[in-house]
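First the structure, in the form of structure tokens, and then the observations on it.
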């Protein structure tokens, strides 16, 4: 069985305008309890802002987050995959690039996002299933 990006991605991603202040962006992240915010227009992503962007580009420079627009601190160009990308390639790409969030983009529009937490959760559930099956056959 082959798993694809669409099998694990979170859908219905909110995209925020790049002129939104970093302060407002951080409030949105806190409200959603997520370490990122996607920047763009309508359903077309232009960049992503993560907690590391806040540390490196706001806090460490003692910048006023209420005066810095998200477009100035977003990471771009985006690394992305399509929804039909096999999970093995998704995981390898994230590991190779050292990224914890990967956008799923189809025909220029966002379909979802995959985080390293999503991958760990998904695979930990499958490992538990495999262990249970193996134990039935006396495999340790």
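In this note's numbering, the protein residues as written are -11 to 128.
Cβ atoms here follow ideal geometry from the backbone N, Cα and C, with glycine treated the same way.
Since we're looking at a predicted model, the values are computed, not measured.
Residue(s) in a DSSP beta bridge with residue i
i	result
residue 59	None, per the DSSP bridge assignment.
residue 94	97
residue 107	Its beta-bridge partners do not exist; DSSP assigns none.
residue 102	90
As assigned by DSSP and simplified to three states, the class of residue i
i	result
residue 68	strand
residue 87	coil
residue -1	coil
Start and end residues, alpha helix (DSSP H) containing residue i
i	result
residue 125	Run containing residue 125: none; DSSP gives neither H nor E here.
Contact belief for residue i with residue j at Cβ below 8 Å, rounded distance in angstroms
i	j	result
residue -8	residue 74	6 Å
residue -3	residue 104	That belief does not hold up - the Cβ atoms of residue -3 and residue 104 are roughly 13 Å apart, past 8 Å.
residue 69	residue 90	6 Å
residue 46	residue 61	7 Å
residue 66	residue 4	Their Cβ separation, rounded to whole angstroms, is 14 Å, which puts residue 66 and residue 4 out of contact at 8 Å.
Which runs of the beta strand (DSSP E) fall wholly inside the stretch 5 to 54 and span at least 3 residues, in chain order? Within the stretch 5 to 54, the complete beta strand (DSSP E) runs of at least 3 residues are 24 to 29 and 32 to 38.
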